[in-house]
Amino acid sequence: MNVTPSSPRMIERIAAALEERARTRKQPLAARTSSWLSLVSICWELESRLHGSSDVTETDITLHRETFHRALSCGEDLILEWADQNANVRVLGVDRLTMESTLQSLRVKYTKWHGVWIPQASQQAIA
């Protein structure tokens, strides 16, 4: 049973677009953080589908790994920018602790399926 949505390619494109929006420094930090949180939501959906299935395909694992890589890499960049700007995005109900907690949760889930998260390797994994 394939646990990913009917079009993994569509999920890949949406994840890539959200990552690009979150990395575009022309946008306000709040908008970029919102895009990242949307990407994280996709990760949680993929995680719940994998966790609840006994028949996981290679496509499922690959989509999960690539999406989590995008979210982790992008989130780590955003948290550094937050620190540089000493920012809080209260309008979204998000503060730095929330960001760090979300990143840690992503790391734990990533490690469960794919091994240790190494930030320097993040761009190579998606390429």
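Residue 104 in the numbering used here sits at position 102 of the sequence shown; the count goes up by one each step and never skips. Quick reminder that beta carbons are idealized off the backbone N, C-alpha and C, glycines included.
Is the beta carbon of residue i sitting closer than 8 Å to the one on residue j?
i, j, result
"Arg72", "Ala17", "yes"
"Leu80", "Thr35", "yes"
"Arg51", "His116", "no"
"Leu65", "Pro10", "yes"
"Glu60", "Lys111", "no"
Buried or exposed: which applies to residue i, given that a residue is buried once 16 or more other Cβ atoms fall within 10 Å of its Cβ?
i, result
"Thr104", "buried"
"Asp62", "buried"
"Gly77", "buried"
Hey, how far is the Cα of residue i from the Cα of residue j?
i, j, result
"Glu47", "Asp57", "17 Å"
"Ala123", "Leu94", "Its pLDDT being 43, under 50, Ala123 is placed unreliably in this model, and the value from its coordinates should be taken loosely. C-alpha separation (whole angstroms): 30 Å."
"Arg15", "Pro30", "23 Å"
"Arg109", "Trp38", "15 Å"
"Leu82", "Ile44", "22 Å"
"Ala127", "Thr69", "Only weak support exists for where Ala127 lies, its pLDDT of 45 falling under 50; the value from the coordinates is given anyway. Rounded to the nearest angstrom, the two C-alpha atoms are 10 Å apart."
"Gly54", "Ser75", "26 Å"
"Asp86", "Val42", "22 Å"
"Met101", "Arg27", "18 Å"
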